[in-house]
Amino acid sequence: MIPREREAGFSVVETIVALLLLGLLAGLAWSTLSRQRHVGFDLAQRADGLETVRTVAWVLGEELSNGRQGLDWQVAGGDSLSLRAFRGIGLVEGRSGSPRTMTVCFRGIRSPAPEKDSLLLLGGDGRWRVVALEGRNADSAGCQGLEGWSREAWTVSQMGTDAVLARLFERGSYHLSGGALRYRRGRGGRQPLTPEVIEDGSFLAQTDLGWGTGWEITLRRRTRSPGLFHPDAPEPLLWRGTVW
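Numbering (my numbering), first residue to last: 0 to 243.
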């Protein structure tokens with residue numbers, strides 16, 4: 000009797016073993032993917048937190064170093080700071096046309112905007128006075144010997160004593176609210192400058208050193224996945240800084 004050849008294919012046992020191996024591999028792959036996802040999310044949260052701290056320190060340092068506490072900026076509330084946000088400087092060359100129009104060589108981080116800007120004028124008597132910028136005409140000619148400066152004609156609300164220097168500024172305020180550092184110009188809304196990762200923040204009218212203005216922010220506790228609190232997550236981080 001000639002034995003029959005074994006039929007091609009898998010037995011039931013082989014099929015079960017293959018399915019078990021596939022299930023094990025799928026579980027390992029899912030576990031690895033989940034771990035990588037958690038690590039990636041944690042790194043993103045750390046990056047957002049460090050970027051927020053760096054932005055707060057740099058922005059406040061730049062803005063407040065241009066003015067004087069109590070005159071150009073002051074702490075308006077626990078989480079608010081109001082200021083003259085200086086945006087440029089003008090070297091006054093003299094009057095042009097009308098008594099309230101002057102020619103200046105200007106340089107700044109943006110162009111002057113009469114609808115929102117004012118001027119802090121230094122007069123020949125050594126005093127500063129605030130005037131409104133009512134009009135502005137840019138001149139295509141540059142300022143001789145001053146690379147990067149532009150010549151402009153500014154109309155102001157009052158000229159007063161012959162001015163020698165003008166500082167361009169807008170009224171604004173910074174806020175540590177809504178989870179972020181926010182800036183508000185005039186009566187506009189508070190625009191976020193950082194990711195919303197701040198648990199709590201405040202400005203200090205006086206630091207422990209006895210001078211300057213301080214700030215402190217507490218970053219939110221990190222979680223292991225979006226929307227889920229994890230009991231083993233680190234405690235919130237408190238960061239402090241001083242500007243004077």
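Even glycine gets a Cβ: it sits at the ideal position worked out from N, Cα and C.
Ends of the beta strand (DSSP E) at residue i?
i, result
"alanine 112", "Careful: alanine 112 lies outside any beta strand (DSSP E) and carries neither H nor E."
"glutamine 157", "Looking at the DSSP string, glutamine 157 is not in any beta strand (DSSP E), and its letter there is neither H nor E."
"serine 81", "79-94"
"leucine 121", "116-122"
"isoleucine 216", "212-218"
"serine 139", "127-142"
"glycine 240", "237-242"
"glutamine 73", "72-76"
"glycine 107", "100-107"
Thinking C-alpha only, which one of the options is nearest residue i?
i, options, result
"leucine 49", "Ile197, Ala204, Ala165, Leu119", "Ile197"
"valine 58", "Thr217, Gly187, Gly188, Leu175", "Leu175"
"arginine 106", "Gly159, Ser149, Phe202, Glu92", "Ser149"
"threonine 193", "Ala56, Ala137, Ser156, Gln143", "Ala56"
"aspartate 124", "Leu164, Thr212, Leu19", "Leu164"
"leucine 70", "Gly77, Ala84, Gly60, Ser97", "Ala84"
"arginine 126", "Met158, Thr54, Ala179", "Met158"
"asparagine 136", "Ile108, Leu145, Val103, Gly147", "Val103"
"lysine 115", "Tyr173, Tyr182, Leu132", "Leu132"
"serine 79", "Asp199, Ala140, Arg219, Ala152", "Asp199"
When the Cα atoms are used, what is the spatial distance from residue i to residue j?
i, j, result
"arginine 67", "serine 95", "31 Å"
"arginine 239", "glutamate 215", "4 Å"
"glutamine 44", "glutamine 190", "21 Å"
"proline 230", "leucine 20", "The pLDDT assigned to proline 230 is 47, lower than 50, so where the model puts this residue is not dependable; a value taken from the coordinates is nonetheless given after this. Looking at the two C-alpha atoms, the distance is approximately 34 Å."
"aspartate 138", "serine 81", "33 Å"
"cysteine 142", "glycine 89", "11 Å"
For residue i and residue j, which I take to be in contact (beta-carbon distance under 8 Å), what is that distance rounded to the nearest angstrom?
i, j, result
"leucine 120", "valine 130", "6 Å"
"alanine 204", "valine 74", "4 Å"
"glycine 185", "arginine 170", "6 Å"
"phenylalanine 168", "serine 110", "Not quite, the Cβ-Cβ distance comes to about 14 Å (not below 8 Å), so this is no contact."
"serine 201", "glycine 77", "5 Å"
"valine 52", "arginine 99", "At roughly 45 Å, the Cβ-Cβ gap does not stay under 8 Å, so valine 52 and arginine 99 are not in contact."
- Just list the beta strand (DSSP E) runs in the stretch 167-206, keeping only unbroken ones of 3 residues or longer that don't cross its boundaries, in chain order. Entirely contained in the stretch 167-206, the beta strand (DSSP E) runs reaching 3 residues are, in chain order, 179-184, 197-203.
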